[in-house]
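Protein sequence lines, in the order shown, are assigned to chains V and R. So for the first sequence, my numbering puts the first residue at 753; every next one is plus one. So for the second sequence, my numbering puts the first residue at 753; every next one is plus one. For glycine and all other residues, C-beta sits at the position ideal for the given N, C-alpha and C. Given the structure is predicted, the values throughout are model-derived calculations rather than measurements.
Number of protein chains: 2
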Amino acid sequence: MKKLLPILALLPLLAASNPKDSSLVRNLFEREFNQGRSYSDLRYLCKQIGGRLSGSPQAEKAVQWAFAELKKDGFDSVWLQPVMVPHWVRGDKEKAYAKVGKKQIELSICALGNSVGTPEKGLEAEVLEVKTFEELRALPTEKVKGKIVFFSRPFPNNVLICGQAYGNTVNQRSQGPIEAAQKGAIGVLVRSMTHALDDEPHTGATNYRDSIPKIPGCAISTVDADELSKLIHENGCVRVWFRQTCKMLDDVLSYNVVAEMRGSENPNEIILVGGHLDSWDNGEGAHDDGAGCVQSMNALRLLKQEGYKPKRTLRAVLFMNEENGLKGGLKYAELAKANNEKHLAAIETDAGGFMPRHIGFTLPQDSLGKYKDWEKLLAPYGVQNFDANGGGADIGPLRNQGTVLIGYHPDGQKYFDIHHTAADIFEKVNKRELQFGTVVLSGMLYLLSEYGLR
Amino acid sequence: MKKLLPILALLPLLAASNPKDSSLVRNLFEREFNQGRSYSDLRYLCKQIGGRLSGSPQAEKAVQWAFAELKKDGFDSVWLQPVMVPHWVRGDKEKAYAKVGKKQIELSICALGNSVGTPEKGLEAEVLEVKTFEELRALPTEKVKGKIVFFSRPFPNNVLICGQAYGNTVNQRSQGPIEAAQKGAIGVLVRSMTHALDDEPHTGATNYRDSIPKIPGCAISTVDADELSKLIHENGCVRVWFRQTCKMLDDVLSYNVVAEMRGSENPNEIILVGGHLDSWDNGEGAHDDGAGCVQSMNALRLLKQEGYKPKRTLRAVLFMNEENGLKGGLKYAELAKANNEKHLAAIETDAGGFMPRHIGFTLPQDSLGKYKDWEKLLAPYGVQNFDANGGGADIGPLRNQGTVLIGYHPDGQKYFDIHHTAADIFEKVNKRELQFGTVVLSGMLYLLSEYGLR
């Protein structure tokens, strides 16, 4: 018998999908593809509202729109969670030039989110290129002092998952100004976070520390980053001038938007699906994360329209301020704790409106065999596999309340081509790919509502 | 023991990938992503050569380019297979108007491939809209005679696989002019074969039968197809005028391009990977099927560069004339038979340069369990599963020689948005997605070379 144990351990792999479940998910698919609103909702959010950075009038408009739309759906409850959020504004269109002798070469830049501005007339200094913090830290302070540090480490090409390339390089953006200022630099240029070679600068949040001078930071397009490296390589001394008038204003009141279908059997066990309603200001926040918002809204809506009565409580949550503060996610978890709510599982959609691929869980890989039948049930809609890469930004703070975090991971090869750029617009989202995401998320809500976590 | 049989039957599922195999495939991946040429080859094919319909100077240029490039790679043999192909030319830009009373509404059309032209001054008649051949056949001949038949059956939305939607509707394009002419119609309009709602007409081959009058056929964009249906619904009698000067010229000599790495152990067992070098004239043939051509070339090239010595004979084949005649595929199979060649397996890539998804075999579904370790080995590069949907157009004629046909199926949700249109251009192909396809195909060549079919 002992020898058979490894074989018997495989038995859950055999678990066939329940026909009732596959038929319900098929109904969700038919409903979304025949009369679903994911795509038209996204069009509204992108074209009638547009980029909606925390604290902006557009963010406020998005909150009111989502609240009103969800109200119309007749869910058990729809409410707003007040939260104070940072209010950063970009100001004038940013400008930059590289200067070599008498030659001026225009560079395509944009300010990093949360960055301070330059002096009104711009900032000019010699550029110092480095690839890593280690390289910068090893330099004598007098080599860095008074200069503009150019962090130029590119996305590695040979990674399977683009998010890993991002993880490998994004500290240049998020911590670059702190590291550079510690060495006496007066400004920072960061190579845009993307595999693409083009003229789009990619914004994104940067951070400061109170004890360290706040120096302005901007992102430079990959084409111009390559150009600047070349100029430095060929000429030695290259000066850069750049100007940005961005600034941080006082915090303002904003909201998370929550819609709920109450559970009939275990109402105290909450299953959440959500994305973030705020977006960067330079594009329309289509893939990041308008897609996740309309998918979350419509995942719940499909179940309501289907007449499904959930066993556990289901919530769609549109978080505010993921991009430059995470105040909405923190507030949500704070309120959950204060209200003694038990979130069994939370699904976050913040990786674009592309075809579904992977669903990650904060569970050990060897426990995922128990979900083979769910995997199989969702495979026709694009789910390749469940894996142990769970997590998420807005849902992150729920983790220490015992919540299993579920990351929804659509195919991510193109995401960073448009991430945080002016090119993140409605037209870049494919209707059917977006809809498949809605169906998968709706299916996950249904399965978690019916069966909980195993 | 009897009860254990179903469990023991699962044992192949456990087959772990051979570490030597996964390490070789990982090397192919690193090689393609660090220094691979798939993307630059595609740029050349699209931008320096462009659309390359059989018989055109561009098709000839593409043959010469591919032959020269493969020659440089130092494969064991590179050769051309002469084949006579049809030579259809589009002529002037097509024009069409719907006429309601004194109103003229411009319609976006293009001639169907192989279609005859209209009279020099165009063709005008009342339009008769039908959704199916059954509907058309049920009409009395006098209702159809002298009219332009408008086939308007749309892609169904609620299909999982877009190729099924195409299969469900494409007879309107391929057989519409025959069906309509049999009822005495004088021209045909066909709703474009796509889920997308836009202004692009989608060309594609149509057919005639010698005994039936050849009447001109054109595709109309989906937006204008909807508009035309609306006009007919609102007004009853709508006339359409259209003009196209396309025509079929005499057949011309062209070529398939073949590159070969000879097998060291079983040289008489051939494994083929291929796509079609010809494309429609209106775009650049980027996804259809420039992608498949450069992936096939580079799948073989990566193995050569890796220093791999194949056990079985490997061939990359670029077929001519898939789009409007299939003469290249037929010639290839004819020569294979004449030369007593044994093709163990043939892989066809003709579904776009998107992320890998499925690999289909002309094998029974229940025999695919034997390949679980290959599936697992290719999963990191995007392969969701192997299935029984094997087949292909150019490799099709090999089937009755006992060859297993393998269809390479990248994610297909966007393919028909640009299929056979002016929008099928290089810029629509994502570099990394294209490269993953090359890696998967190269990996498949390697596995089939090492292990044959199980």
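Give me whichever residues DSSP pairs with residue i in a beta bridge.
i         : result
R/Phe1138 : R/Ile1111
V/His1028 : V/Phe1071
R/His1172 : Beta-bridge pairing links R/His1172 to no other residue.
V/Ala971  : V/Cys862, V/Val942
V/Glu1036 : Paired residues: none, contrary to the question.
V/Arg1064 : V/Asn1018
R/Arg991  : R/Lys851, R/Glu878
V/Ala1043 : Looking at the DSSP assignment, V/Ala1043 forms no beta bridge with any residue, so it has no partner.
R/Val901  : R/Leu880, R/Val940
R/Ile1023 : R/Leu1066, R/Ala1097
Cα separation between residue i and residue j?
i         : j         : result
V/Asp1169 : R/Lys1183 : 11 Å
V/Gly1195 : V/Ala1090 : 30 Å
R/Leu1029 : V/Ser775  : 43 Å
V/Lys854  : V/Arg991  : 11 Å
R/Glu872  : R/Arg995  : 7 Å
V/Met1107 : V/Glu812  : 30 Å
R/Leu757  : R/Asp1118 : Because the pLDDT of R/Leu757 is 42, which lies under 50, any placement of that residue in the model is unreliable, and the number read from its coordinates should be weighed accordingly. C-alpha separation (whole angstroms): 15 Å.
V/Ala877  : V/Lys883  : 19 Å
V/Pro892  : V/Ile938  : 16 Å
R/Gly936  : V/Gly1159 : 59 Å
R/Pro764  : R/Tyr1203 : Residue placement at R/Pro764 is flagged as unreliable, the pLDDT there being 41, under the threshold of 50; a coordinate-derived value is accordingly withheld.
R/Asn1018 : R/Gly1026 : 21 Å
R/Val1191 : V/Thr870  : 46 Å
V/Ser829  : V/Lys1094 : 17 Å
V/Phe1188 : R/Leu859  : 32 Å
R/Ile1023 : R/Met1049 : 14 Å
R/Leu762  : V/Leu1120 : Legend: pLDDT at R/Leu762 = 43, less than 50; position of this residue unreliable, no value from coordinates given.
R/Leu1199 : R/Trp1126 : 8 Å
V/Leu766  : V/Lys1124 : The pLDDT assigned to V/Leu766 is 46, lower than 50, so where the model puts this residue is not dependable; a value taken from the coordinates is nonetheless given after this. Roughly 8 Å separates the two Cα atoms.
V/Asp1176 : V/Gly803  : 9 Å
V/Phe902  : V/Gln1165 : 26 Å
R/His1110 : R/Phe1138 : 6 Å
R/Ile857  : R/Arg795  : 38 Å
V/Val922  : V/Ala1068 : 29 Å
V/Pro771  : V/Asn779  : 12 Å
V/Phe827  : R/Thr1114 : 49 Å
V/Ser769  : R/Ala1145 : 35 Å
V/Gly1104 : R/Phe885  : 41 Å
R/Asn987  : R/Leu880  : 12 Å
V/Lys755  : R/Ala818  : Note that V/Lys755 scores 43 on pLDDT, short of 50, meaning its location in the model is unreliable and no value can be drawn from it.
Starting from residue i, follow the alpha helix (DSSP H) in both directions and report where the run begins and ends.
i         : result
V/Leu794  : 790-795
V/Tyr1007 : Careful: V/Tyr1007 lies outside any alpha helix (DSSP H), inside the beta strand (DSSP E) at 999-1013.
V/Phe885  : 885-889
R/Leu1087 : 1079-1090
R/Val1191 : 1183-1203
V/Val896  : 893-896
R/Arg783  : 771-787
V/Lys1128 : 1124-1130
What residue range is occupied by the uninterrupted beta strand (DSSP E) comprising residue i?
i         : result
V/Leu1157 : 1156-1162
R/Gln996  : First-last for R/Gln996: undefined, no H or E at that position.
V/Ser722  : Residue 722 of chain V is absent from the structure shown; chain V starts at 753 and stops at 1206.
R/Ser829  : 829-841
R/Leu1096 : 1094-1100
Worksheet item: Residue ranges of each beta strand (DSSP E) run of no fewer than 3 residues wholly in the segment 918-965 of chain V, ordered along the chain?
Response: Counting whole runs of 3 or more residues, the segment 918-965 of chain V contains the beta strand (DSSP E) stretches 939-943.
Item to complete: At 3 residues or longer, and completely inside the segment 845-882 of chain V: list those beta strand (DSSP E) runs for me, N to C.
Response: You should have 847-852, 855-858, 861-863, 875-882.
Worksheet item: Going along the chain, which residues of the segment 1106-1120 of chain V sit with their C-beta nearer than 7 Å to a C-beta in chain R?
Response: Met1107
Worksheet item: Can you list, in chain order, the residues of the segment 1166-1189 of chain V whose Cβ is nearer than 8 Å to any Cβ on chain R?
Response: Lys1166, Asp1169, Asn1182, Lys1183, Arg1184, Glu1185, Phe1188
Fill in: Members of the segment 1134-1145 of chain R near chain V, C-beta cut-off 9 Å
Gly1134, Val1135, Gln1136, Asn1137
Worksheet item: What residues in the segment 1037-1062 of chain V have a beta carbon less than 9 Å from any beta carbon of chain R?
Response: none
Practice prompt. Scan the segment 776-797 of chain R for residues whose Cβ lies nearer than 8 Å to a Cβ of chain V and list them as they occur along the chain.
Written response: Phe781, Glu782, Phe785, Asn786
Practice prompt. Could you run through the segment 905-916 of chain R and flag, in chain order, every residue whose CB is less than 8 Å away from some CB of chain V?
Written response: Asn909, Asn910, Leu912, Cys914
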